[in-house]
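Residues in the sequence shown are numbered from 1 upward in steps of one, following UniProt numbering.
Here the structure comes first, spelled out in structure tokens, and everything after it is commentary.
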Amino acid sequence: MKKTISLVSLILLLVIGFACEAPNPFGPVYDSEGNLARDRIIIDEYLLNTPIDSLYRVHDPTGVVVIVQEEGDGVRPVNGNLIFTDYTGSLLDGSVFDTSIESVAIENGIFSENRNYRLFQFTQGGSEAITGFNFGFRNLKSGSKGIIIIPSPYGYRDSETNPRIPPNSVLVFEVDFKGLD
């Protein structure tokens, strides 16, 4: 009888042990797929309800949306090109959280004396900018002006490093693609 109880107890412990997920030692896993699906709905609603002048739109397979307002006559960047751009980043409600333009920073109350306001440069396909910039700029010709709408997994995800950007925010960047090298 004791052997039966011990065997049943062992089986029960094994079943419970295998049924429970082991905790991830690196913390919770970010739900990119779920956030992309949620953000797709948010972006579609934003585009439906926000009048934006454009020549055309590009809906990148990643979920990034590029709205071309002025077409440049340059080429589209490829991985390794150095991109030069001015930008203004905002949330869907229009609140500006970052810019490379000093006058825009002052106008929106985000000016910092410690910051050097100048053209932003990053390497296409590199890690100097958020991933959404790489997806967005590959759809723009040098010299273009437009808007890049970036789902949260390709922006700042669930980060809380910038108090002006809530976790899992869809981002809107007005860009002036000055050129590439």
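Glycine is no exception: its CB is placed at the ideal position from the N, C-alpha and C atoms.
Sequence-distant residues of its chain with Cβ nearer than 6 Å to residue i (five each side left out)
{"i": "residue 74", "result": "141, 142, 143"}
{"i": "residue 130", "result": "155"}
{"i": "residue 153", "result": "32, 35, 36"}
{"i": "residue 61", "result": "none"}
{"i": "residue 164", "result": "97"}
{"i": "residue 102", "result": "117"}
{"i": "residue 145", "result": "69, 70, 176"}
Own chain, CB closer than 7 Å to residue i, minus 5 neighbours either side, in chain order
{"i": "residue 85", "result": "119, 120, 175, 176, 177, 178"}
{"i": "residue 100", "result": "86, 87, 117, 118, 119, 120"}
{"i": "residue 79", "result": "124, 125"}
Sequence-distant residues of its chain with Cβ nearer than 8 Å to residue i (five each side left out)
{"i": "residue 112", "result": "105"}
{"i": "residue 170", "result": "39, 42, 43, 46, 91, 92, 149, 150, 151, 152, 155"}
{"i": "residue 159", "result": "165, 167"}
Proximity of residue i and residue j at Cβ, strictly below 8 Å
{"i": "residue 172", "j": "residue 92", "result": "yes"}
{"i": "residue 83", "j": "residue 180", "result": "yes"}
{"i": "residue 168", "j": "residue 97", "result": "no"}
{"i": "residue 77", "j": "residue 122", "result": "no"}
{"i": "residue 58", "j": "residue 139", "result": "yes"}
Expected contact under 8 Å - CB spacing of residue i and residue j to nearest Å
{"i": "residue 65", "j": "residue 56", "result": "Their Cβ separation, rounded to whole angstroms, is 11 Å, which puts residue 65 and residue 56 out of contact at 8 Å."}
Best match in the options for proximity to residue i [C-alpha to C-alpha]
{"i": "residue 51", "options": "98, 147, 115", "result": "147"}
{"i": "residue 70", "options": "89, 127, 53", "result": "53"}
{"i": "residue 132", "options": "108, 115, 157", "result": "157"}
{"i": "residue 89", "options": "81, 108, 72", "result": "108"}
{"i": "residue 128", "options": "94, 30, 81", "result": "81"}
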